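Everything on this sheet refers to the single structure shown next.
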Amino acid sequence: MIHRLDGADIAAELSDEGGAPVVQLHGLTSSRARDRVLQLDLGVGLSGTRLLRYDARGHGLSTGRPVAEDYRWPSLAEDLLALLDIHFPGERVHGVGPSMGAATLLHALLLDPDRFSGLTLVVPPTAWETRPAKAEVYRQAADLIEGGGFDEYLAASALTPQPPTLADAPSTRPEVPLPLLPAVLRGAAGSDLPDPARLEGHAIPTRILAWVDDPSHPLATAQGLHALLPESRLTVAQTPTDLVSWPQILAEEVARHGVWPAGSSPA
71 MIHRLDGADI
81 AAELSDEGGA
91 PVVQLHGLTS
101 SRARDRVLQL
111 DLGVGLSGTR
121 LLRYDARGHG
131 LSTGRPVAED
141 YRWPSLAEDL
151 LALLDIHFPG
161 ERVHGVGPSM
171 GAATLLHALL
181 LDPDRFSGLT
191 LVVPPTAWET
201 RPAKAEVYRQ
211 AADLIEGGGF
221 DEYLAASALT
231 PQPPTLADAP
241 STRPEVPLPL
251 LPAVLRGAAG
261 SDLPDPARLE
271 GHAIPTRILA
281 WVDDPSHPLA
291 TAQGLHALLP
301 ESRLTVAQTP
311 TDLVSWPQIL
321 AEEVARHGVW
331 PAGSSPA
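Letter 164 of the sequence shown, counting from 1, is numbered 234 in this note's numbering, and no numbers are missing.
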């Protein structure tokens, strides 16, 4: 299905089994399809829920425009809330997503705290003290691509060491159309997680799933969020085998904290 939002057609899919509402997001330059390849489609472990998956604007099967502001995380949070109004009006939803998806959920939480019954934040990205250096990498990549260096960008990305948890993952390419990629990267460069003072003390049930040895998704960010959110739990993966448990962890979180319609219950 396609939803028309400001400047974009958002491609989405709803697996409706009549239970608790859940929304699943993806990471920067990824998509629903790519996250499945990378074993980050945690929704595969759910049953008896209403699971909304979608491609963020400019990603996957969704369209967009070459405007960096559209891809900043607060803007993506507004897209998320608009989709929740369409599919789950007035309901409290469990949100799950990796990296950019986790960041989008946190910004949406601040925009509408009562909208979420719980969060599963997967491999949170660089943030706060570690964000400026990563932002500069994104800006340089955007300049390189605009100058005709897309192949060079791909080659450099292929040389980036992967965390041990992704040792078995296949090689993938960005799921963003080339004309939009510089704007998407600049939007990420202009983004950060919300200020810690704004997050501190939010009493929302949160499971944080992190992994080790990944400068783009440092364990320090996950630990920082764990310290800020009093109802959070942190799980750290060390190997590809550890990722196998993540869909079940999501299912347990939704069963525990999801809001189930009258007459339904966790499977």
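No residue lacks a Cβ here, since even glycine has one placed at the ideal position from N, Cα and C. Source: prediction; values computed, not measured.
query, result
"For a quick check, are the C-beta atoms of L84 and L121 less than 9 angstroms apart?", "yes"
"Taking buried to mean at least 16 other C-beta atoms within 10 Å of its own C-beta, is V314 buried or exposed?", "exposed"
"Evaluate P91 with the Cβ neighbour count: other Cβ atoms within 10 Å of its Cβ, from every protein chain shown; 16 or more gives buried, anything less gives exposed.", "buried"
"Need the endpoints of the beta strand (DSSP E) that R74 sits in, please.", "72-75"
"Alpha carbon to alpha carbon, what distance is there between T242 and G134?", "21 angstroms"
"Going by C-alpha distance, which of I278, R268, H327 is nearest A307?", "I278"
"Between which two residues does the beta strand (DSSP E) harbouring H164 extend?", "163-168"
"Taking 8 angstroms as the limit between beta carbons, can you name the residues of its chain near Y223, skipping five residues before and five after?", "A211, L214, I215"
"Tell me which same chain residues have a C-beta within less than 6 angstroms of the C-beta of Q109, skipping the five on either side of it?", "L313"
"Taking T311 as the reference, give the member of L236, H327, S261, T119 with the closest Cα.", "L236"
"Can you tell me where the beta strand (DSSP E) holding F220 begins and where it ends?", "From DSSP, F220 is part of no beta strand (DSSP E) but of the alpha helix (DSSP H) over 220-229."
"Is the separation between the beta-carbon of V163 and that of L154 shorter than 9 angstroms?", "yes"
"Report buried or exposed for D284, applying the criterion of at least 16 other Cβ atoms within 10 angstroms of its Cβ.", "buried"
"Can you tell which of D111, Q94, A126 has the C-alpha that lies nearest to the C-alpha of G57?", "Given that the chain is displayed from residue 71 to residue 337, the structure contains no residue 57 and the question cannot be resolved."
"Runs of 3 residues minimum, wholly inside the segment 253-320: which ones carry the beta strand (DSSP E) assignment?", "276-281, 302-307"
"Compute the beta-carbon to beta-carbon distance between L150 and T174, rounded to the nearest angstrom, for a pair I have assumed lies under 8 angstroms.", "6 angstroms"
"At 3 residues or longer, and completely inside the segment 81-159: list those beta strand (DSSP E) runs for me, N to C.", "91-94, 120-124"
"Count the CB pairs spanning the segment 267-278 and the segment 247-259 that are closer than 8 angstroms, and state whether there are at least three.", "no"
"Using beta-carbon positions only, say whether S261 and R142 come within less than 9 angstroms of one another.", "yes"
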